[in-house]
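Asker: Quick note: the sequence shown uses our numbering, first residue 1, plus one each step. All C-beta atoms, glycine included, are put in the ideal place defined by N, C-alpha and C. Only a predicted model underlies this, so the values are computations on that prediction, with no experimental measurement involved.
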Amino acid sequence: MNIIRICAFIICYTLIGCHPTEHAQIKPNVLFILVDDLGLHDLSCTGSKYYETPNIDKIADRGMVFTQGYAASRVCSPSRASIMTGKFTARHGITDWIGAKSGTDWTVLNRHDILLPASYNHVLSSEDITIAEALKSSGYKTFFAGKWHIGGEGSSPEDHGFDINKGGWDKGSPIGGYYSPWTNPKLENIKNGENLSLRLARETAEFLNEYKDTSFFAFLSFYAVHGPIQTTKEKWNKYRNKAAAIGIAETGFTMERVLPIRQTQDNPVYAGLVETMDDAVGIVLDRLKELGLDKNTIVIFTSDNGGVASGDSFSTSNLPLRGGKGYQWEGGIREPYFIYVPWIEKVGHTIDYPVIGSDFYPTILDLLNIQVPSNQEIDGISLKPLLEGDTLPGRPLYWHYPHYGNQGGNPSSMIREGNWKLIHYWEDNHDELYNLATDPSEQRDVSNKNPAVVSQLNEKLMTWLISQNANLPELDPNYNQELAQKRHDNIINELWPRLEKQRLEYLSSDFDPKNEWWGSNITLD
1 MNIIRICAFI ICYTLIGCHP TEHAQIKPNV LFILVDDLGL HDLSCTGSKY YETPNIDKIA
61 DRGMVFTQGY AASRVCSPSR ASIMTGKFTA RHGITDWIGA KSGTDWTVLN RHDILLPASY
121 NHVLSSEDIT IAEALKSSGY KTFFAGKWHI GGEGSSPEDH GFDINKGGWD KGSPIGGYYS
181 PWTNPKLENI KNGENLSLRL ARETAEFLNE YKDTSFFAFL SFYAVHGPIQ TTKEKWNKYR
241 NKAAAIGIAE TGFTMERVLP IRQTQDNPVY AGLVETMDDA VGIVLDRLKE LGLDKNTIVI
301 FTSDNGGVAS GDSFSTSNLP LRGGKGYQWE GGIREPYFIY VPWIEKVGHT IDYPVIGSDF
361 YPTILDLLNI QVPSNQEIDG ISLKPLLEGD TLPGRPLYWH YPHYGNQGGN PSSMIREGNW
421 KLIHYWEDNH DELYNLATDP SEQRDVSNKN PAVVSQLNEK LMTWLISQNA NLPELDPNYN
481 QELAQKRHDN IINELWPRLE KQRLEYLSSD FDPKNEWWGS NITLD
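1) Got a sec, what are the start and stop residues for the alpha helix (DSSP H) arginine 202 sits in?
2) Considering Cα atoms alone, identify which of Pro402, Ile423, Lys233 is closest to serine 509.
3) Starting from glutamate 335, trace the alpha helix (DSSP H) in both directions and tell me its first and last residue.
4) Which residues in the same chain as tryptophan 426 place their Cβ atom closer than 7 Å to its Cβ, once the five residues preceding and following it in sequence are excluded?
5) If you follow the alpha helix (DSSP H) that alanine 81 is in, where does it begin and where does it stop?
6) Does the contact criterion of 3 or more C-beta pairs under 8 Å hold for the region 104-113 versus the region 125-142?
7) Would you list, in sequence order, the uninterrupted beta strand (DSSP E) runs of no fewer than 3 residues that lie entirely inside the region 426-487?
8) So the beta strand (DSSP E) lysine 166 belongs to, where does it begin and stop?
9) What number of angstroms, rounded off, separates the C-alpha of serine 467 from the C-alpha of histidine 400?
10) Assuming the contact rule is C-beta atoms closer than 8 Å, phenylalanine 144 and serine 77 should be a hit. Round their C-beta distance to whole Å, please.
11) If I follow the unbroken alpha helix (DSSP H) through arginine 503, where does it start and stop?
12) Measure the beta-carbon distance from isoleucine 415 to lysine 449 and round it to whole angstroms, keeping in mind my assumption that it falls under 8 Å.
13) Does the distance from the C-beta atom of asparagine 318 to that of glycine 306 stay below 8 Å?
14) Around the C-beta of tryptophan 343, are 16 or more other C-beta atoms found within 10 angstroms, so that it is buried, or is it exposed?
15) According to DSSP, what are the bridge partners of tryptophan 343?
16) Which full runs of the beta strand (DSSP E) of 3+ residues lie inside the region 219-292, going along the chain?
17) Just verifying my parser: in three-state terms, what is the DSSP assignment at isoleucine 415?
18) Hey, out of Asp379, Ala437, Pro393, Leu422, whose CA is closest to serine 447's CA?
19) Following the continuous alpha helix (DSSP H) through tyrosine 50, name the residue where it begins and the one where it ends.
20) Nearest by alpha-carbon distance to asparagine 429: which of Leu475, Asn419, Tyr398 is it?
21) Taking only the alpha-carbon atoms, compute the straight-line gap between alanine 224 and glycine 177 and give it to the nearest angstrom.
22) Roughly how many angstroms separate the alpha carbons of lysine 542 and aspartate 352, rounded to a whole number?
23) Within this structure, are the beta carbons of serine 48 and aspartate 57 separated by less than 8 Å?
24) What do you get for threonine 251, buried or exposed, if any count of 16 or more other CB atoms within 10 angstroms of its CB means buried?
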């Protein structure tokens, strides 16, 4: 070996840490972790005294925590489409979870609502350049695991820039449950009793193994913690005992405008589901470290909408935030929002600037020094300046949900600018105004005291919606107030007591779901 080759060899080790069997990575990697239906306070690092999430807490501890982080929608499909495209929901047109009924089809549900929900797009547009497509065109290997729910055949992850897809299809919940055998044409059953969240993590870890010498974009999109909520007997027992030690409240619900809403974090089944999801996150983070990829991988963690406090499985409480999944209040849209960039020295641990799911697209590209495609119109902004300790000018954030959800929210559109949040209700076109700096729980509508602010924000919101040709709901000509009142009375007199009874059953020392704990106890080779 001559002197020139020796010098080159030494320089390689000194500057980039080369090893004889490894290739230096030039481009950073991205690991994006998206949880389904996880509320802001469903993590121990964000204030829960009941749920335990040590692995996710590590991401928050190492990275930057955005304390004013928002999902782009109060339900899943619109929010996911915004992450993929960088657009607000009114622009990409997926404004409800795909599969929800709209127009006159809504009446078959016998909800007896004032409005007929607006129509909406049912697939992610092929004209959009997704974040996966943008990265793939820049040489990245792209991987998707878990929940997709923004299109079926012809609009699957593989059709929108992902080289590999493990489990992403048109369904929004884990068909067949969280323990194999499940029903998923994109994820084969290997062993009965296998947990879905852990399986998705293992698939992600194997992808990291195989493509550790390339630059990759791995998108781990859990079905958890969406209902049906399920866990093992061991985890249920752990959290049942924990709830008992804390002290079990006599009641767990109060009445919101439409449905009862959970006030307590003491559901041991849901807690076990959360912890298993956190275990799965740990599998992937550990593999990153084992492979030496943790120093070159951006890690992002967030959720697609608020925790389910009403409707569905009535799983959690988002207090002190009002509402939850499906609601127009902060509990429906405020999320854990963590970004870890290993080569950016932290100048603090938290950032209070309001951010939204649409910002991930330009932020990721900016961190990787990749331009946003010139023909992809986006609403999000890059948060890189904030991560580096700089500032960004204020800007309005918009939400558009002209639908009724399963959780009790009303058809409405919203704007947040500064500390003001205005909610416009489509049933009667009235506005609510909240000052989030002084009233983050949205208990005091101050619209009557601030008419000028209401007028200004309403005008901005309506101008925005008109510019996007946003679809709006229509009055139901067959609306029957008497039937609507009867339904409401049944909710108060029948559903509410049933929920309280079920809550105590879950917390009973002899609770047994009578199905081998949702199949988690069945293991057949």
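Answerer: With the structure as the only source:
1) On the sequence shown, residue 202 is found 202 positions in, with the first residue counted as 1. 196-210 is the span of the alpha helix (DSSP H), which, as asked, contains arginine 202.
2) Counted from its first residue, the sequence shown places residue 509 at position 509. Measuring from the Cα of serine 509, the nearest candidate turns out to be Lys233.
3) As a working note, residue 335 is residue 335 in the sequence shown. Following the DSSP letters along the chain, one finds glutamate 335 in no alpha helix (DSSP H), marked with neither H nor E.
4) Within the sequence shown, residue 426 is the residue found at index 426, counting from 1. The residues Leu115, Pro402, Pro411, Ser412, Leu472, Pro473, in chain order, have a CB closer than 7 Å to that of tryptophan 426 in the same chain once the five nearest residues on each side in sequence are set aside.
5) For the purposes of this step, residue 81 is taken as residue 81 along the sequence shown, with counting starting at 1. DSSP places alanine 81 in the uninterrupted alpha helix (DSSP H) bounded by 76-85.
6) A contact is defined here as three or more CB-CB pairs under 8 Å, and the region 104-113 fails this definition with respect to the region 125-142.
7) DSSP runs (the beta strand (DSSP E)) wholly in the region 426-487: 431-435.
8) Taking the sequence shown and counting its residues from 1, the one referred to as residue 166 is at position 166. Per DSSP, lysine 166 belongs to the beta strand (DSSP E) from 164-166.
9) Working through the sequence shown from its first residue, we reach residue 467 at position 467. Working through the sequence shown from its first residue, we reach residue 400 at position 400. For serine 467 and histidine 400, the distance between alpha carbons rounds to 13 Å.
10) As a first step, residue 144 is located in the sequence shown; it is residue number 144 there, counting from the start. As a first step, residue 77 is located in the sequence shown; it is residue number 77 there, counting from the start. About 15 Å; that fails the 8 Å criterion.
11) What you label residue 503 is simply residue 503 of the sequence shown in a count that begins at 1. 496-506 is the span of the alpha helix (DSSP H), which, as asked, contains arginine 503.
12) In the sequence shown, the residue the question calls residue 415 occupies position 415. In the sequence shown, the residue the question calls residue 449 occupies position 449. In fact, because the Cβ distance is near 18 Å, the residues do not count as touching under 8 Å.
13) Position 318 of the sequence shown, counted from the first residue, corresponds to residue 318. Position 306 of the sequence shown, counted from the first residue, corresponds to residue 306. Going by C-beta atoms, asparagine 318 is nearer than 8 Å to glycine 306.
14) Along the sequence shown, read from residue 1 onward, the residue named residue 343 stands at position 343. Residue environment analysis places tryptophan 343 among the exposed positions, since fewer than 16 neighbouring C-beta atoms fall within 10 angstroms of its C-beta.
15) As a position in the sequence shown, residue 343 is number 343, starting the count at 1. Per DSSP, none; premise fails for tryptophan 343.
16) Listed in chain order, they are 253-255, 260-262.
17) By one-based count along the sequence shown, residue 415 stands at place 415. In this structure, isoleucine 415 counts as strand in the three-state DSSP scheme.
18) Numbered from its first residue, the sequence shown carries residue 447 at position 447. Looking only at Asp379, Ala437, Pro393, Leu422, the smallest Cα-Cα distance to serine 447 is reached by Leu422.
19) Looking up residue 50 in the sequence shown gives position 50. Careful: tyrosine 50 lies outside any alpha helix (DSSP H) and carries neither H nor E.
20) For this step, residue 429 is matched to residue 429 along the sequence shown. Asparagine 429 has its Cα closest to that of Leu475, out of Leu475, Asn419, Tyr398.
21) To locate residue 224, count along the sequence shown from 1; it is residue 224. To locate residue 177, count along the sequence shown from 1; it is residue 177. The alpha-carbon atoms of alanine 224 and glycine 177 are separated by roughly 10 Å.
22) Examination of residue 542 is not possible in this model, given that the chain is present from 1 through 525 alone.
23) Sequence index remark: in the sequence shown, residue 48 carries index 48 (1-based). Sequence index remark: in the sequence shown, residue 57 carries index 57 (1-based). Here serine 48 is not near aspartate 57, since their CB atoms are 8 Å or more apart.
24) By one-based count along the sequence shown, residue 251 stands at place 251. Flag for threonine 251 reads exposed.
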